[in-house]
Amino acid sequence: MALEKLTIPDLGDSENVEVIEVLVAPGDEIQENDSILVLETDKAAMEIPATSAGVIKEVMLKVGDTVNQGDEMVSLEAGADGSSAKDDEEPESADNEEQAEDQDSAEETEKSEEADDSDQNKAEAGDKKATDSAETRVEEITVPDLGSDEAAEIIDILVAVGDEVKTDDGLMTLETDKAAMDVPSPFAGKITEIKVKTGDKVKTGVAFMLAETSSGSASSATSAESASKESSDKEDSDKVSSDKESSDKESSDKAKSEKPDSGNKQQSAPQQSTAVISPADQAGVYAGPAVRKLARELGVDLTQVEGSGTKNRIVKEDVHDFVKNVMQGGGAASTAGFSLPAARDIDFSQFGEIEEKDLSKLHQVTARNMAQNWLQVPHVTQFEEADVTELEEFRAAQKALSEKKGIKLSPLPFIVKACALALTEFPQFNVSLHSSGNKLIQKKYVHIGVAVATDAGLMVPVIRDVDQLSIWEIAAEITELSELARQRKLTKEHMSGGCFTVSSLGNLGGLGFTPIVNAPEVAILGVSKTEIKPVWKDNEFVPRKILPFSLSYDHRAVNGVDGGLFCQYLNSLLSDIRNMVL
């Protein structure tokens, strides 16, 4: 028995992908398509299947390693039994197929010409897909054409293993940057395996489920219909492809004619602007995920880059050339924008023992966003204190009702509700700056994000329409979203659309802190720990519960006076919660 080495398959545009889980060990017996390990890119986590069956002899990778296409992951001893069994199955399958063909031939004399064509196509489909028998088989269900090369996020799995599904029943829901869509089942059958989970990102053609189906199921009819249309579909596809190439060429020629000196990259590069780049503006750019990631890291607007790849596709070399030309081109200094010098690489081992620890993907993304927001947003932070003695007394009085409802009633729901009312009272805080910097986007809705600390990093799920929710409803939402965050089950919908953020460190103590604005929002509230302090009241000092909070805001959108008024209004709501219902 020969040893076979299994390697990392094509990962698309992803490079240096991290191994986050190894699913096998030496001595394990595996079948073809069994998962070997789990990789995590900046887009999603994916399981790598075995391309052969056998017994694992050696695992060449460990958790934390980074890999690329072609790297060896395991060696295995191929099982001769499995091969012979497979060979034995083929004649049996072929005999069954011949019987099916004979049966179809006998029926041909009794059916119309249209039915004859359908039976013939059904037999051909059976020849291609039959595995163990002509009656039942397990088939892969793949992601249909999504209309682009971009990955779509799975936001909901609609079935479970063992479920019976019919043709066109929804299997899962995908969300792109355009819309959400249900992926239908292409045939009827029974779900035997689900290869993906909520939060994964998939592309056209990726196998996401296995289903057991029969030759008499709707899948045969679907296959027959697909086969009967294959020729005409191919002609239509060729025509569409030809039209698209022609259209792409015309668009390219038009773009080049409109750009002054577009043929000379040295001249066009300095036109690049380093203003905040809107992702929507770059949605139509022909570039892969790795190129887009590189452009984001370098602050390059891809709409200003000329592609040298097929059909003007932008490749990494184009981005590097663009940056080089900006740095060297005349007049580039005025448009290249401000940049900080790179941090020095210090050898800390010269001072003592050290250990390097990799940051999680979430931590890396959060760090980049925080640094960008701190550099781009001119922050102002104002500090205030609220007397929450009556609020705390009221909250304590609701303890029995809280236990009955099964909802934890902390001070945070009151604070979030007060912020929603303040955003309604001061709409200048419920805005975002347009990417041009010349206008504000006024929001007519009130969605508030609540910062949640998890083992993987900081997450900010968003509570929608807070102004329309009761205190109890807000408390329930906070509990549910916090739990989803800690389980890493938040979807894109949970994390987007916020107007304002609340970051509470009340359980950790401290007198105050300066929270960083979560752009494109323009303000954030930082809440510290409530303390009992002496307050002069009625000719004497009395103990009162004082809640310190701080408001950071983008000074480009909010004036200092408005910031002070916002803090005063929040103070009035928290000091006397009766104001929340007036």
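Reminder that position 305 of the sequence shown reads as 304 in numbering that gives the first Met the number 0, one-by-one numbering, no gaps.
Yeah, the Cβ is synthetic: ideal placement off N, Cα and C, and Gly gets one too.
Nearest neighbour of glutamate 392, chosen from Arg312, Leu581, Arg543 and Glu482 [CA to CA]: For this step, residue 392 is matched to residue 393 along the sequence shown. That would be Arg543, whose Cα lies nearest to the Cα of glutamate 392.
Option in Met171, Gly188 and Thr191 with minimal Cα separation from alanine 201: Counting from one through the sequence shown, the residue named residue 201 turns up at place 202. Sequence inspection shows valine at residue 201; the alanine mentioned does not correspond to that position. For valine 201, the nearest C-alpha among the options comes from Met171.
Candidates Asp9, Leu564, Leu358 and Gly405, of which the one nearest alanine 455 by Cα: Numbered from 1 along the sequence shown, position 456 holds the residue referred to as residue 455. Nearest C-alpha to alanine 455: Leu358.
C-alpha distance - valine 526 paired with serine 503, whole-angstrom precision: One-based indexing of the sequence shown puts residue 526 at position 527. One-based indexing of the sequence shown puts residue 503 at position 504. Whole-angstrom Cα-Cα distance: 5 Å.
9 Å Cβ cutoff met for isoleucine 35 and proline 25: If you number the sequence shown from 1, residue 35 lands on position 36. If you number the sequence shown from 1, residue 25 lands on position 26. No.
Proximity to glycine 496 [Cα-Cα], best of Asn517, His446 and Gly69: Here the question's residue 496 lines up with position 497 in the sequence shown. Selected option, being the one with the closest Cα: His446.
C-alpha gap between aspartate 317 and glutamate 384, whole angstroms: Along the sequence shown, one-based indexing puts residue 317 at 318. Along the sequence shown, one-based indexing puts residue 384 at 385. Taking the straight line joining both Cα atoms gives about 53 Å.
Three-state class that DSSP yields for histidine 446 in the structure shown: Taking the sequence shown and counting its residues from 1, the one referred to as residue 446 is at position 447. Residue state, collapsed to three classes: coil.
Reduced DSSP category for valine 54 - H, G, I as helix; E, B as strand; rest coil: Counting from one through the sequence shown, the residue named residue 54 turns up at place 55. Looking at valine 54 - three-state DSSP - the assignment turns out to be strand.
Assigned secondary structure, aspartate 33 (DSSP; H/G/I helix, E/B strand, else coil): Sequence index remark: in the sequence shown, residue 33 carries index 34 (1-based). Aspartate 33 falls in the coil class under three-state DSSP.
Which residues DSSP lists as bridging threonine 172, in chain order: Indexing the sequence shown from 1 puts residue 172 at position 173. For threonine 172, which the question treats as bridged, DSSP gives the partners Asp155 and Asp181.
Delimiting residues of the alpha helix (DSSP H) encompassing alanine 417: Here residue 417 corresponds to residue number 418 of the sequence shown, with the count starting at 1. Unbroken alpha helix (DSSP H) run through alanine 417: 410-424.
Glutamate 352 to isoleucine 345 span [Cα, whole Å]: On the sequence shown, position 353 is the one that residue 352 refers to. On the sequence shown, position 346 is the one that residue 345 refers to. About 14 Å.
As assigned by DSSP and simplified to three states, the class of arginine 577: Indexing the sequence shown from 1 puts residue 577 at position 578. It is helical.
Whole-Å CB distance - glycine 306 paired with valine 314, under 8 Å assumed: Residue 306 sits at position 307 when you count from the first residue of the sequence shown. Residue 314 sits at position 315 when you count from the first residue of the sequence shown. Contact holds; Cβ gap of about 7 Å.
Backbone CA spacing between leucine 408 and arginine 312 [nearest angstrom]: Counting from one through the sequence shown, the residue named residue 408 turns up at place 409. Counting from one through the sequence shown, the residue named residue 312 turns up at place 313. Spanning the two alpha carbons is a distance of roughly 54 Å.
Option in Gln30, Asp144 and Gly509 with minimal Cα separation from proline 185: Start at 1 with the first residue of the sequence shown, and residue 185 comes out as number 186. Considering only alpha carbons, the answer is Asp144.
DSSP three-state assignment for isoleucine 193, whether helix, strand or coil: Walking along the sequence shown from the start, residue 193 turns up at place 194. Isoleucine 193: strand per DSSP, three-state reduction.
Beta-carbon proximity list for asparagine 32, same chain, < 6 Å, skipping 5 on both sides: Reading the sequence shown from its first residue, position 33 is the one you call residue 32. Counting only Cβ-Cβ distances below 6 Å, and skipping sequence neighbours, we find Pro48.
Nearest to leucine 411 (by Cα), restricted to the options Gln427, Glu424, Ala475 and Asn15: Taking the sequence shown and counting its residues from 1, one reaches residue 411 at position 412. The candidate whose alpha carbon is nearest that of leucine 411 is Ala475.
Three-state secondary structure assigned by DSSP to isoleucine 638: Given a span of 0 to 581 for the chain in the structure shown, any question on residue 638 remains unanswerable.
CB of glycine 511 within 9 Å of CB of proline 547, strictly: The residue given as residue 511 occupies position 512 in the sequence shown. The residue given as residue 547 occupies position 548 in the sequence shown. A contact, by the Cβ cut-off of 9 Å.
Short Cβ contact (9 Å threshold) for isoleucine 531 with isoleucine 545: Counting from one through the sequence shown, the residue named residue 531 turns up at place 532. Counting from one through the sequence shown, the residue named residue 545 turns up at place 546. It is a contact, given that the beta carbons lie within the stated cut-off.
Arginine 343 - DSSP class collapsed to helix/strand/coil: Within the sequence shown, residue 343 is the residue found at index 344, counting from 1. Three-state result, arginine 343: coil.
CB contact flag (glutamate 46, leucine 22, <9 Å): On the sequence shown, residue 46 is found 47 positions in, with the first residue counted as 1. On the sequence shown, residue 22 is found 23 positions in, with the first residue counted as 1. Going by C-beta atoms, glutamate 46 is nearer than 9 Å to leucine 22.
Candidates Gly188, Arg463 and Phe350, of which the one nearest glycine 448 by Cα: Against the sequence shown, residue 448 aligns to sequence position 449. Minimum Cα distance to glycine 448 is reached at Arg463.
DSSP state of alanine 395 mapped onto helix, strand, coil: Numbered from its first residue, the sequence shown carries residue 395 at position 396. DSSP places alanine 395 in helix when its eight states are reduced to three.
Stretch-stretch touch, CB-based, cutoff 8 Å, three pairs: the segment 560-579 with the segment 398-408: no
N- and C-terminal bounds of the alpha helix (DSSP H) containing asparagine 481: Along the sequence shown, one-based indexing puts residue 481 at 482. With the sequence shown as reference, residue 481 is identified as serine, and asparagine is not the correct amino acid for it. Looking at the DSSP string, the run of the alpha helix (DSSP H) that includes serine 481 is 470-485.
Secondary structure of glutamine 381, DSSP reduced to three states: Counting from 1 along the sequence shown, the entry for residue 381 is found at position 382. Glutamine 381 falls in the strand class under three-state DSSP.
CA-to-CA distance, glutamate 174 to tyrosine 552, given in whole angstroms: Position 553 of the sequence shown, counting from 1, holds the residue named residue 552. Position 175 of the sequence shown, counting from 1, holds the residue named residue 174. Each residue's alpha carbon lies about 32 Å from the other.
Nearest-angstrom Cα separation, counted from serine 13 out to valine 521: For the purposes of this step, residue 521 is taken as the residue at position 522 of the sequence shown. For the purposes of this step, residue 13 is taken as the residue at position 14 of the sequence shown. Approximately 34 Å between the Cα atoms of the pair.
Limits of the beta strand (DSSP E) - the one that glutamine 375 falls within: On the sequence shown, position 376 is the one that residue 375 refers to. Per DSSP, glutamine 375 belongs to no beta strand (DSSP E); it is in the alpha helix (DSSP H), 360-375.
Residue range of the alpha helix (DSSP H) that includes glutamate 492: Here the question's residue 492 lines up with position 493 in the sequence shown. Run containing glutamate 492: 491-494, per the alpha helix (DSSP H) assignment.
Same chain only: Cβ atoms within 8 Å of asparagine 578, ignoring 5 sequence neighbours per side: Working through the sequence shown from its first residue, we reach residue 578 at position 579. Hits under 8 Å: Ser571 and Leu572.
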